[in-house]
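One structure below.
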Amino acid sequence: MRISARNVFAGNVRDVTKGAVNAEVTIILPGGEHIVSIITNPSVDSLELAEGKPAFAIIKASDVIVGKNLGVAKLSARNVLPGEVTNVVDGAVSSEVVIRLTGGTTIVSSITKESVHALKLQAGDQVSAIIKAPHVLIGV
Amino acid sequence: MRISARNVFAGNVRDVTKGAVNAEVTIILPGGEHIVSIITNPSVDSLELAEGKPAFAIIKASDVIVGKNLGVAKLSARNVLPGEVTNVVDGAVSSEVVIRLTGGTTIVSSITKESVHALKLQAGDQVSAIIKAPHVLIGV
Amino acid sequence: MRISARNVFAGNVRDVTKGAVNAEVTIILPGGEHIVSIITNPSVDSLELAEGKPAFAIIKASDVIVGKNLGVAKLSARNVLPGEVTNVVDGAVSSEVVIRLTGGTTIVSSITKESVHALKLQAGDQVSAIIKAPHVLIGV
Chain A
21 MRISARNVFA GNVRDVTKGA VNAEVTIILP GGEHIVSIIT NPSVDSLELA
71 EGKPAFAIIK ASDVIVGKNL GVAKLSARNV LPGEVTNVVD GAVSSEVVIR
121 LTGGTTIVSS ITKESVHALK LQAGDQVSAI IKAPHVLIGV
Chain B
21 MRISARNVFA GNVRDVTKGA VNAEVTIILP GGEHIVSIIT NPSVDSLELA
71 EGKPAFAIIK ASDVIVGKNL GVAKLSARNV LPGEVTNVVD GAVSSEVVIR
121 LTGGTTIVSS ITKESVHALK LQAGDQVSAI IKAPHVLIGV
Chain C
21 MRISARNVFA GNVRDVTKGA VNAEVTIILP GGEHIVSIIT NPSVDSLELA
71 EGKPAFAIIK ASDVIVGKNL GVAKLSARNV LPGEVTNVVD GAVSSEVVIR
121 LTGGTTIVSS ITKESVHALK LQAGDQVSAI IKAPHVLIGV
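Protein chains in written order, with our numbering: chain A, 21 to 160; chain B, 21 to 160; chain C, 21 to 160.
Next comes the structure, spelled out in structure tokens:
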């Protein structure tokens, strides 16, 4: 499988909680990071997701927010993953920020160039990659 | 109202399943494609969505992932629509990929230029347009 | 056209900046809030967006993150809008949080029930509604 999403992380299903329409699926990565995803119940069934099963967490770069100095801030986004900026590539309107998470996984974020400047983002910065659970796809 | 989303597909509601907060709505397009959307219950009520009603499935280009060689891969995204690349336009960081679905509908995807290169995307490629259900809006 | 997105805000275009593929469009709401959107250039042209033109900023509830105690935290999301929680409705997996922005606009966010509990969200809380620019559609 080749997919345009810049972030495709291999891991294992940690747990699955079903609601009426949607289910919450947690994937654990080899580096220890947990990625929480919200998908529909039929998808859980069709992918036969269950604890321990190998699965991919797939995240588009444009769905990753970068946070700095989060301190005591709390966010509703289920995925707030600490790491370090390793690279920033500027375009005309959008820029790409590469972050190495503490567990070793590399995540790519696409944000506006304006935000790169506002946050004075550069290699070496301690930041968090922030992703809402409904923005995470699961692949098997 | 006209809207900035590049993909606005006219079709008919095929079914509506309500949960506690969210509902799943399926739109069938003239070419036969099914588009699954997750919206909130108040939206279902306010748009008076019901089987057979004409409605639009609305998808931002930046919410469309492109997949190639999916083979036996399974994805949680409820919408995995096979088609053929008809055009690729590169920007500095982002690129636009145009896909003609098997039913004839044309869908536009905005992905990073890096992904266009990684997937070696070009006109004529057999691919799938992948869209998570919560990224599909419904209009009437 | 009426649309399923819970957040449809009437305002005026404040400015449009084009890149190679994407453009940044800022909408100013009557209450003074600025909403920044990233859309594709062809959408700017087709909607004939220009300074002063009346337009709608359209945001799905599932694209709104809720932040609390942001303090000195900085986020790459271009839209970080302060306000007060006026209502919380719990579902099985998802909850709905209603926020009245300082300018008077009401915004609806759909987050997981787990996050409502983690942030101890309740009416009266001072929070921020956080939305990435590519998640904002423009309507005219």
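For every residue, glycine included, the Cβ atom is placed at its ideal position computed from N, Cα and C.
Computed from a prediction, not measured in an experiment: that's the story for all the values here.
Min CB distance residue i to chain A below 8 angstroms
{"i": "C/T37", "result": "yes"}
{"i": "C/I55", "result": "no"}
{"i": "B/V64", "result": "no"}
{"i": "B/I58", "result": "yes"}
Residue i: contacting residues in chain F (beta-carbon distance under 8 angstroms)
{"i": "A/R98", "result": "Any reference to chain F falls outside this structure, whose protein chains are A, B and C."}
Min CB distance residue i to chain C below 8 angstroms
{"i": "B/P154", "result": "yes"}
{"i": "B/T106", "result": "no"}
{"i": "B/N42", "result": "yes"}
{"i": "B/G31", "result": "no"}
{"i": "A/G52", "result": "no"}
{"i": "B/V92", "result": "no"}
{"i": "B/S148", "result": "no"}
{"i": "A/G111", "result": "yes"}
{"i": "B/I151", "result": "no"}
Three-state class that DSSP yields for residue i in the structure shown
{"i": "A/K88", "result": "strand"}
{"i": "B/S66", "result": "helix"}
{"i": "B/A30", "result": "strand"}
{"i": "B/A43", "result": "strand"}
{"i": "B/A143", "result": "coil"}
{"i": "B/A149", "result": "strand"}
{"i": "A/K73", "result": "coil"}
{"i": "C/R22", "result": "coil"}
{"i": "C/T125", "result": "coil"}
Host alpha helix (DSSP H) of residue i (start-end)
{"i": "C/T80", "result": "Looking at the sequence shown, residue 80 of chain C is not Thr but Lys. Premise fails: C/K80 is in no alpha helix (DSSP H) and is neither H nor E."}
{"i": "C/E134", "result": "K133 to A138"}
Residue i, enclosing beta strand (DSSP E) - first and last residue
{"i": "C/V156", "result": "V156 to G159"}
{"i": "C/S57", "result": "H54 to T60"}
Test: residue i CB closer than 8 angstroms to a CB of chain B
{"i": "C/I23", "result": "yes"}
{"i": "A/I48", "result": "no"}
{"i": "A/R26", "result": "yes"}
{"i": "C/I158", "result": "yes"}
{"i": "A/L141", "result": "no"}
{"i": "C/A101", "result": "At residue 101 of chain C the sequence reads Leu, which differs from the Ala that was named. So no, C/L101 is outside the interface."}
{"i": "C/L95", "result": "no"}
beta-carbon residue i near the ligand NAP non-hydrogen atom, thresh 7 angstroms
{"i": "A/V160", "result": "Ligands are entirely absent from the displayed structure, and the ligand NAP is therefore not among its contents."}
Those runs of the alpha helix (DSSP H) which lie wholly inside the region 91-115 of chain A and span at least 4 residues: none
Proximal residues, the region 116-136 of chain C versus chain A, C-beta separation under 9 angstroms: V117, S129, S130, I131, T132, K133, E134, S135 and V136
Cβ-based contacts, 7 angstroms cut-off: residues of the region 69-88 of chain A near chain B: K80, A81 and S82
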